[in-house]
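In what follows, a single structure is set out as structure tokens and then discussed.
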Amino acid sequence: MHMDPVVWDCHTHIFGPWEDYPLADDATYTPAQAPFPALAALHAAAGITRGVIVQATPYGADHRALLAALRASGGAYRGIALIDAQTPPETLAHMHQAGVRGIRLGMMKHLAGKPDIGRMGALLERIRPYGWHALVHAEMPDVLNSVPALLRHGVPLVIDHMARAPLSDAAALAPLLALADCPDVWIKLSGADRVTGGASHYQAALPLMTRLMQAFPGRAIWGSDWPHVNIRYPQPSVPRLLALLRQACDADPATLTAILHDNPGRLYG
1 MHMDPVVWDC
11 HTHIFGPWED
21 YPLADDATYT
31 PAQAPFPALA
41 ALHAAAGITR
51 GVIVQATPYG
61 ADHRALLAAL
71 RASGGAYRGI
81 ALIDAQTPPE
91 TLAHMHQAGV
101 RGIRLGMMKH
111 LAGKPDIGRM
121 GALLERIRPY
131 GWHALVHAEM
141 PDVLNSVPAL
151 LRHGVPLVID
161 HMARAPLSDA
171 AALAPLLALA
181 DCPDVWIKLS
191 GADRVTGGAS
201 HYQAALPLMT
211 RLMQAFPGRA
221 IWGSDWPHVN
231 IRYPQPSVPR
241 LLALLRQACD
251 ADPATLTAIL
261 HDNPGRLYG
């Protein structure tokens with residue numbers, strides 16, 4: 001299937017080089033080195049021209065690697081930051097100028113996250129003047145509990161990794177699909193390997209992907225999740241993940257173009 005000349009990968013992380021960008025002393029996990037030049041080469045080989053780098057929790061508030069990558073990309077990549085109540089206003093302004101366009105709200109317990117609506121709402125108020133959005137990284141119950149409460153802040157919310165929705169209960173998807181009625185809620189078609197446990201080339205994720213892209217036709221984006229940290233199965237390949245997306249689109253070029261080009265172009269510019 002033909003792909004638009006501008007193709008977005010909306011979810012990646014980078015790590016290292018360690019001599020330049022060491023992890024925090026209290027890092028939530030220790031990944032393998034995965035510096036920006038490796039990501040850029042991978043994208044070039046796969047025909048991906050634009051990317052989003054999400055600040056990973058092992059770096060905490062140290063955004064030096066992220067900001068250096070954004071500079072090196074010459075504007076081709078955007079960034080997602082991790083901030084807190086103490087992040088100085090001038091830091092937010094500098095991040096925006098550098099290409100940061102959002103923050104991540106982490107609620108995954110293995111990453112020391114928790115669903116604190118008050119704290120997360122205060123962060124949304126801080127980023128709203130910049131026109132940023134927020135990634136919601138949580139299991140589906142926390143997504144369903146937090147997203148409606150956070151919408152009142154008027155900041156677009158992007159649900160990461162398909163809300164890690166269970167594949168065994170199609171009826172349980174109804175509350176997640178209902179969020180598509182909210183114009184500020186987006187879905188990220190990433191993490192197919194995670195919801196399938198890496199099995200059978202992630203084919204079991206296809207019905208979930210299809211239902212989500214049908215529910216969010218103008219607000220679905222895709223991400224590879226490279227370099228695929230914290231998994232216990234062979235590392236997915238980006239071409240295979242792109243092929244899975246094409247399969248979920250059922251050979252419809254308009255749907256594929258919306259997910260890889262049109263929708264992320266509106267969100268990230």
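Here the sequence shown is numbered in the UniProt record's numbering, starting from 1 and rising by one per residue.
Think of the CB as a built atom: it goes at the ideal place given N, C-alpha and C, for glycine as much as any other residue.
Exercise for the section: Please determine if the segment 42–54 and the segment 76–84 are in contact, where contact requires at least 3 C-beta pairs separated by less than 8 Å. Expected result: Yes, the segment 42–54 is in contact with the segment 76–84.
Exercise for the section: Kindly provide the ranges of any alpha helix (DSSP H) runs that are 4 or more residues long and lie completely inside the segment 56–87, ordered along the chain. Expected result: 64–72
Practice task
Label Leu103 either buried or exposed according to how many other C-beta atoms from any shown protein chain fall within 10 Å of its C-beta, with 16 as the threshold for buried.
Solution key: It should be pointed out that residue 103 corresponds to Ile in this sequence rather than to Leu. Its Cβ being crowded by 16 or more others within 10 Å, Ile103 is buried.
Exercise for the section: Determine, using beta carbons only, whether Leu13 and Ser224 come nearer to each other than 8 Å. Expected result: Note on residue identity: the sequence assigns His, not Leu, to residue 13. No; because the gap between Cβ atoms is not below 8 Å, this pair is not in contact.
Exercise for the section: Taking all protein chains shown into account, decide if Pro17 is buried (16 or more other Cβ within 10 angstroms of its Cβ) or exposed. Expected result: exposed
Handout entry: Given Arg71 as reference, the closest of His153, His94, Arg240 and Glu139 once Cα atoms are compared
Key = His94
Exercise for the section: Locate the alpha helix (DSSP H) running through Asp142, then write down its first and last residues. Expected result: Met140 to Leu150
Handout entry: C-beta neighbour in chain C for Ala61, strict 8 Å
Key = Absent here is chain C; the protein component of the structure consists of one chain.
Practice task
Taking Leu189 and Leu245 to be in contact with their CB atoms under 8 Å, please state how far apart those CB atoms are, rounded to whole angstroms.
Solution key: 7 Å
Exercise for the section: Report buried or exposed for Pro5, applying the criterion of at least 16 other Cβ atoms within 10 angstroms of its Cβ. Expected result: exposed
Problem - Where Leu65 falls, given that 16 or more other Cβ within 10 Å makes a residue buried - result: The sequence given here places Ala at residue 65; Leu does not occur at that position. Answer is buried; the Cβ neighbour count reaches 16.
Exercise for the section: Please determine if the segment 234–254 and the segment 195–207 are in contact, where contact requires at least 3 C-beta pairs separated by less than 8 Å. Expected result: yes
Handout entry: Residue closest to Ile187, alpha-carbon to alpha-carbon, out of His133, Ser168, Thr196 and Pro234
Key = His133
Practice task
Excluding the 5 residues preceding and the 5 following Ala248 in the sequence, name in chain order all residues of the same chain whose CB lies nearer than 6 Å to its CB.
Solution key: Leu206, Met209 and Thr210
Handout entry: Entirely enclosed alpha helix (DSSP H) segments - the segment 170–200, minimum 4 residues
Key = 174–178 and 192–195
Exercise for the section: Assign Arg119 to one of two classes, buried (16 or more other C-beta atoms within 10 Å of its C-beta) or exposed (fewer than that). Expected result: exposed
Practice task
Starting from the Cα of Thr91, find the closest Cα among Gly121, Pro58, Tyr130 and Pro183 and give me that residue.
Solution key: From the listed residues Gly121, Pro58, Tyr130 and Pro183, the smallest Cα separation to Thr91 is found for Tyr130.
Exercise for the section: Check whether the Cβ atoms of Leu105 and Leu135 lie closer than 8 Å to each other. Expected result: Leu135 is positioned such that its CB atom lies closer than 8 Å to that of Leu105.
Practice task
Identify the continuous beta strand (DSSP E) that holds His133 and give its terminal residues.
Solution key: His133 to His137
Exercise for the section: Confirm, please, whether the CB-CB distance from Ala27 to Pro58 is below 8 Å. Expected result: Yes.
Handout entry: Simplified DSSP assignment, three categories, for Asp160
Key = helix
Exercise for the section: Consult DSSP for Asp250 and reduce its assignment to one of helix, strand or coil. Expected result: Note: Asp250 maps to coil in three-state DSSP.
Problem - Rounded C-alpha distance that separates Ile259 from Asp252 - result: 11 Å
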